[in-house]
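Input: a single structure, listed below in structure tokens.
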Amino acid sequence: MAAAFLDAADAPRIRHVQGKEVYLESGISGSTASVLQEKGHDTMMSSPAINQVGGGQAIYLNRAQNVLLGTSDRRKDGCAIGY
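Taking my numbering, the leading residue of the sequence shown gets 194, the next gets one more, and so forth.
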């Protein structure tokens, strides 16, 4: 569970902005982009400097082991803090 939690924060993202515009991060497969284009979307690669897909921090609580596990999205500044 912890590995999946950490992987989710770093997984490539897709963001629908408005109309037909869809931003794709590197790591999204070409076949996924093709399906979106077939459905009428204009796909564009997201620039990390512009950060068009958002970002976040999260804390996972494992009550059984009394452990907090935090992760911070690599896309932006910030940190996960828990106590």
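All residues carry an ideal CB built from backbone N, CA and C; glycine is no exception.
Determine the extent of the alpha helix (DSSP H) in which residue i is found, giving its start and end residues.
i, result
"Ala251", "First-last for Ala251: 250-255, but that is the beta strand (DSSP E), not the alpha helix (DSSP H)."
"Val228", "223-231"
Considering only residues of the same chain and omitting the five flanking positions on each side of residue i, which have a CB-CB separation below 6 Å?
i, result
"Asp235", "Lys213, Glu214"
"Ala195", "Leu262"
Comparing C-alpha positions only, which one of the options sits nearest to residue i?
i, options, result
"Asp203", "Val228, Gln211, Ser219, Val210", "Ser219"
"Cys272", "Gln250, Ala201, Val260, Asp200", "Gln250"
"Arg206", "Phe198, Ser222, Ala196", "Ser222"
Output needed for residue i: all residues of its chain with C-beta closer than 7 Å, excluding positions within five of it in sequence on either side, in chain order.
i, result
"Ala242", "Any reading at Ala242 must be qualified, since the residue scores a pLDDT of 49, below 50, and its modelled position is unreliable; the value itself is stated next. Cβ within range, chain order: n/a, list empty."
"Asp266", "Ala202, Gly248, Gly249, Gln250"
"Gly275", "Ile252, Leu261, Gly263"
"Gln226", "Note on residue identity: the sequence assigns Ala, not Gln, to residue 226. Closer than 7 Å at the Cβ level, and outside the excluded window around Ala226, lie Leu217, Thr236."
Starting from the C-beta of residue i, find all residues in its chain whose C-beta is less than 8 Å away, skip the five residues before and the five after it, and write them out in chain order.
i, result
"Met238", "Tyr216, Leu217, Glu218, Ser219"
"Asp270", "none"
Using DSSP's beta-bridge definition, name the partner residues of residue i.
i, result
"Ile207", "Leu217"
Could you give the residue range of the beta strand (DSSP E) that holds residue i?
i, result
"Gly275", "It is not in any beta strand (DSSP E) - Gly275 carries neither H nor E in the DSSP assignment."
"Gly263", "260-265"
Q. Is there contact between the region 246-260 and the region 222-233, where contact requires at least three CB pairs shorter than 8 Å?
A. Output reads no: the region 222-233 does not touch the region 246-260.
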